[in-house]
Amino acid sequence: MLLKKIGTLSFILLLSFIPVQPQSDVLFKRHRCSRNEELKECGTACEPTCSNPSPICTLQCIPNVCQCSTGFLRHSVTGKCVRQNRCPSETTTSSPAAQSCRANETFTECGSACEPSCTSSEARMCTLQCIVDVCQCSQGFVRGPNGCVKKEDC
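Per mature numbering (1 follows the signal peptide of the UniProt record, and there is no 0): the sequence shown = residues -22 to -1, 1 to 132.
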C-alpha cells in the first residue's frame, strides 16, 4: 500500500515538471507571415507604409498580426513589405481615389477623423485614428458645405 502511494506521488510530481506550451506560442506556430514580415503578438493599428512611414496612431493592440519587419514599409499597391528605397515616388499613384479629389483637396492613405471645417472650432479633442484612402482639404483650407475653402471664406 505504501509503495502504491509513493508510485502515485512520483507520477504526480513527474507531471508537474512537464513543460506546457503557452497558447500564444501555439498560435504563432500556426500562422505564417510573408517575406520581410514578422508575427507580432500585439501589433500596431497603423502600420508604417510607403506613403506614411511615420503614422500618428492610437495605442491600440492588434493581436497576432503579420507586420513588416524593422526597416521595411508596407507597399500601398502590392501590399508587400519593402525597403523605403523600393517605395514608389510620391508623384505617381495608381489609386483611383487620388485622381478623383476635388479642388483644394489632397488624397491621403491615412487621413484625419477630425478634418478642420467651417463649423468646427480650432481647438477640439480628436481621436488619432486613420481614415483610409480619403480626399481631405489641402493645407490652408477647411471643409465647407460645398468643398474645401479658405477659413476666411466660410
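In this text, a Cβ means the ideal position worked out from N, Cα and C, and glycines have one as well.
**OP:** Report buried or exposed for residue 30, applying the criterion of at least 16 other Cβ atoms within 10 angstroms of its Cβ.
**Re:** Against the sequence shown, residue 30 aligns to sequence position 52. Of the residues assessed, residue 30 falls on the buried side of the cut-off, its CB having 16 or more other CB atoms within 10 angstroms.
**OP:** State the DSSP-derived secondary structure class of residue 64, mapped to helix, strand or coil.
**Re:** Within the sequence shown, the letter at position 86 stands for residue 64. Helix at residue 64.
**OP:** Please name the residue or residues paired with residue 34 in a DSSP beta bridge.
**Re:** On the sequence shown, residue 34 is found 56 positions in, with the first residue counted as 1. Residue 34 is not bridged to any residue.
**OP:** Out of 113, 116, 43, 28, state which residue places its alpha-carbon closest to the alpha-carbon of residue 63.
**Re:** Translated into the one-based positions of the sequence shown, residue 63 becomes position 85. When each option's Cα is compared against that of residue 63, the closest is 28.
**OP:** Tell me, please, which residues DSSP counts as bridged to residue 102.
**Re:** In the sequence shown, counting from the first residue as 1, residue 102 sits at position 124. Residue 102 pairs with nothing; no bridge assigned.
**OP:** Please name the residue in 108, 61, 115 whose C-alpha comes closest to that of residue 13.
**Re:** As a working note, residue 13 is residue 35 in the sequence shown. Of the listed residues, the one whose Cα sits closest to residue 13 is 61.
**OP:** Taking all protein chains shown into account, decide if residue 133 is buried (16 or more other Cβ within 10 angstroms of its Cβ) or exposed.
**Re:** Residue numbering for the chain in the displayed model covers -22 to 132; residue 133 lies beyond these limits and cannot be assessed.
Subject >> Three or more C-beta pairs below 8 Å linking the region 44 to 53 and the region 78 to 92 >> reply: Contact between the region 44 to 53 and the region 78 to 92 is absent, because fewer than three Cβ pairs lie under 8 Å.
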